[in-house]
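The block underneath contains the structure these notes are about, expressed in structure tokens.
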Amino acid sequence: MQPRYRGSLENVTLTDQICTGNCSASLRSWFNTVADVCADEDFGGGVPKRYGGYIWNGWNETCIKDPKTKKYCNNIIDEFTELEDGEEMPRDEFCHICYRRRLAIMQSSSYSMYNHFYQSQLKKVYKTCGGSGPTEIPPPPKVEKPEEYCLTLARANG
464 MQPRYRGSLE NVTLTDQICT GNCSASLRSW FNTVADVCAD EDFGGGVPKR
514 YGGYIWNGWN ETCIKDPKTK KYCNNIIDEF TELEDGEEMP RDEFCHICYR
564 RRLAIMQSSS YSMYNHFYQS QLKKVYKTCG GSGPTEIPPP PKVEKPEEYC
614 LTLARANG
């Protein structure tokens with residue numbers, strides 16, 4: 464499992480069923496419990512916390528809503544102008560609250576695919592459209608190298 468860009472589910476009913484407070488609380492609780500209970504465990508590759516982080520982050524990216532229209536931001540972003548290589552987004556789309564919120568949510572998590580491209584977009588959004596916030600690329604989740612995992616297993620099993 465790898466981080467990826469999460470677009471619209473293309474089904475508002477399904478998105479409504481997923482984007483509930485109970486679902487959010489359950490994912491948060493599960494992630495935090497695994498992080499606490501398994502803090503001293505070595506699973507190699509960060510599993511299961513890493514997978515839970517990707518799932519929880521995906522939920523956060525999927526469930527962002529436009530505060531004015533109450534529509535899901537991914538559905539709004541899906542309706543943005545399709546661009547050819549080198550074309551710039553129209554200002555009203557580039558400065559849309561959903562685009563800004565989407566980038567900010569991605570930036571806030573080590574479990575998103577926020578990278579130099581999205582960082583440059585978020586910096587440009589703040590500069591062009593106003594607003595401010597962190598733009599740094601978060602550190603990746605701790606993922607052990609295969610040889611570290613093998614050494615850990617060898618030590619654990621004598």
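First residue of the sequence shown: 464, per the numbering used here; consecutive thereafter.
Using N, Cα and C, we set each Cβ at its ideal position, and we do this for glycine too.
Query, Result
"How about ARG554: is its Cβ closer than 7 Å to a heavy atom in the ligand ZN?", "The ligand ZN is absent from the structure shown, which contains no ligand whatsoever."
"Quick check on the DSSP output: what are the complete beta strand (DSSP E) runs of length 3 or more inside the region 526–597, in order along the chain?", "none"
"Going by DSSP, what residue range makes up the alpha helix (DSSP H) through ASN474?", "Here ASN474 belongs to no alpha helix (DSSP H), and DSSP marks it neither H nor E."
"Do the region 585–596 and the region 536–549 meet, that is, are 3 or more Cβ pairs less than 8 Å apart?", "no"
"Using the Cβ count rule (16 or more neighbours within 10 Å means buried), how would you classify GLU551?", "exposed"
"When you compare only the Cα positions, how much space is there between PRO544 and ALA502?", "Note that residue 544 is Thr in the sequence shown here, rather than Pro. For THR544 and ALA502, the distance between alpha carbons rounds to 45 Å."
"Would you grab the beta carbon distance between ILE527 and ILE568 for me? Rounded to a whole angstrom, and I think it's under 8 Å.", "6 Å"
"How about PRO597 and SER573: are their beta carbons less than 8 Å apart?", "no"
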